[in-house]
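Enquirer: Residue numbers (the working numbering): 31 to 160.
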């Protein structure tokens with residue numbers, strides 16, 4: 031499969047980064063603005079912090095703007111969310127409903143290591159081959 035899809039890996043990575051960032055920003059929008067079926071958590075310091083990290087971080091990851099830094103922070107936030115909110119219900123992610131937090135944590139860790147990529151605002155701003 032790599033033989034066929036490998037030549038499109040940069041574009042596929044950009045799509046992965048964009049979709050993951052966009053969906054993460056949606057979680058932040060729920061917490062900050064009470065939209066998309068969520069409740070605003072502005073009076074809760076943890077909810078407010080999470081909302082800011084998710085909305086701003088997700089947006090910048092989607093755009094490919096300083097993705098390594100924001101993805102690293104988002105990865106840490108999701109690790110904290112997993113251990114704080116999900117592990118009290120049990121160890122295994124499938125049983126404690128923490129699959130999404132665990133997946134986001136490792137996905138953002140990968141994005142932090144990989145960087146913004148060729149199709150990103152960083153590539154446009156810094157005019158270098160990433």
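The beta-carbon is built from N, C-alpha and C at its ideal position, and this holds for glycine as well.
1) Decide if residue 49 is buried, meaning its Cβ has at least 16 other Cβ atoms within 10 Å, or exposed.
2) Within 10 angstroms of the Cβ of residue 141, are there 16 or more other Cβ atoms? Answer buried if so, exposed if not.
3) I'd like to check one pair, residue 77 with residue 84: are the Cβ atoms closer than 8 Å?
4) Alpha carbon to alpha carbon, how far is residue 47 from residue 101? Give it in angstroms, no decimals.
5) Please look up how many angstroms separate the CB atoms of residue 88 and residue 51, rounded, as I've assumed it's under 8 Å.
6) Roughly how many angstroms lie between the CA atoms of residue 131 and residue 92, to the nearest whole one?
7) For the putative contact between residue 61 and residue 67, defined by C-beta atoms under 8 Å, what is the C-beta separation to the nearest angstrom?
8) Grab me the residues of residue 137's own chain with a C-beta within less than 6 Å of its C-beta, minus the 5 sequence neighbours each way, in chain order.
9) Please work out which residues of its chain come closer than 8 Å, Cβ to Cβ, to residue 129, disregarding the five sequence neighbours upstream and downstream, and give them in chain order.
10) According to the neighbour-count rule (16 or more other Cβ atoms, all chains shown, within 10 Å of its Cβ), is residue 90 buried or exposed?
Expert: So, to answer that:
1) exposed
2) buried
3) no
4) 10 Å
5) The C-beta distance from residue 88 to residue 51 rounds to 5 Å, short enough to meet the 8 Å contact threshold.
6) 18 Å
7) Wrong, their Cβ atoms sit about 12 Å apart, outside the cutoff.
8) Taken in chain order, the residues that qualify are 50.
9) 123
10) buried
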